[in-house]
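Beneath this line is the structure, given in structure tokens, with notes to follow.
Numbering (this note's numbering), first residue to last: 82 to 493.
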């Protein structure tokens, strides 16, 4: 169970509105100065064993039952607030903060141990597999022969210690007319071939340079197609769903937004991005705050546009992590890590990036099939997002780099 001192009884009821039917109990203490406690039984059985959901003979009824159990798992966590008098931190409690806005953050092998009081570690891992399988992106693969050809072209440039126009042409010659996602990966390779220095720059790479030289070349082709009215922007302008939230955490402005373009107007937001240079990689408070911001922005976009999915990415130094926020779960929002990629900082590191082509194609496929090609008629229950004051009163404002960052990758 979880605890939150500033919550009133009315606010707690608002938080759980529409999901009490799943059988969770709300306990109000007699002392009005004490916090409300939200209780839930732990889940002992694992409905997401891989043999079960990979079995093609699974009936529709079983699938529906699994989805219902999935809702319960999320709501057990949503309805929790820590039962000991301590403030939450961005370093260690991203999953707790997001749960209070009905967002269930799922990262492979990086679940806060508090969640395991309700949902076992194995269930969390199997739940990720279940969702990726359901999204249809689990089996996405880049053509291995094309990957080998691209690596050969790049390694030849490394041996020559020079990149020539003909080398870019050779990469473009690997394109396939009928495979748009495949070609977008090749655009990434070509951009990086032309942008990267032969050796990593010894001076500190600041955020602006990380964005303009490295991140844009590696990510932009995956997530932009102006012919399909999708624009990838690095922007410092707060968008509509930021303004609608009354959360200054969101008004801090995302580094990147991916939007639909309607004529000359910017329309529905389908993705967000945040970037932190390597010099801030060990500042887990800033990194955690960016992750929370991405999650809340994605939820607000889903609520505002009645979307089904929103993609987000967090670049920290030379690592990029991609998330898919799901708005189809009727009252809670799984935010699933779908890929973690090492970005190249030099031409000599580009072959390693090419070797991760399967991860790139998962990201691009998820974005175009789930976030862009979707009907914005989602009818799922909308849950409230924490207000600015509520976030401020439950968060520790101090920074401590010794705090464990359970949601961060080991190399951050």
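Every residue, glycine too, gets a C-beta built ideally from N, C-alpha and C.
Secondary structure of residue 240 (DSSP, three-state): helix. Every unbroken stretch of the beta strand (DSSP E) spanning 3 or more residues and falling wholly within the stretch 345-406 is given here in chain order: 346-357, 390-397. In terms of Cα proximity to residue 464, the closest of 275, 471, 381 is 381. When DSSP states are grouped into helix, strand and coil, residue 313 belongs to the strand group.
Nearest to residue 417 by C-alpha distance, out of 456, 218, 477, is 218. Between the beta-carbon of residue 432 and that of residue 222 there is about 18 Å, and that puts the pair past the 8 Å contact cut.
In the structure shown, residue 172 falls within a coil segment according to DSSP collapsed to helix, strand and coil. Looking from the CA of residue 294, the closest CA among 354, 471, 348, 427 belongs to 427.
Per DSSP, residue 216 is one residue of the alpha helix (DSSP H) stretching across 202-216. Per DSSP, the continuous beta strand (DSSP E) segment holding residue 186 begins and ends at 184-187. Just so you know, the alpha carbons of residue 389 and residue 251 end up roughly 38 Å apart.
Taking the Cβ atoms as the reference, residue 349 lies roughly 5 Å from residue 386, within the contact range of under 8 Å.
Within the same chain, 354, 355, 356 come within 6 Å of residue 336 by CB-CB distance, once the 5 residues on both sides are set aside.
Taking 8 Å as the cut-off, the Cβ atoms of residue 444 and residue 473 do not count as close.
Rounded to the nearest whole angstrom, the CA to CA distance from residue 245 to residue 277 is 13 Å. Residue 208 sits away from residue 227, with the two beta carbons spaced by 8 Å or more. Note: residue 340 is bridge-paired with 312, 350 in the DSSP secondary-structure output.
Within the same chain, Cβ atoms closer than 8 Å to the Cβ of residue 206 are found at 189, 190, the five residues on either side in sequence being excluded. For residue 239, the closest alpha carbon among the candidates 429, 409, 415, 305 is that of 429. For the set 241, 229, 266, 271, the Cα lying nearest the Cα of residue 249 is the one of 271.
Note that the C-beta distance between residue 303 and residue 441 is below 8 Å. If you draw a straight line from the Cα of residue 449 to the Cα of residue 340, it comes to about 12 Å.
Following the DSSP letters along the chain, one finds residue 440 inside the alpha helix (DSSP H) bounded by residues 438-447.
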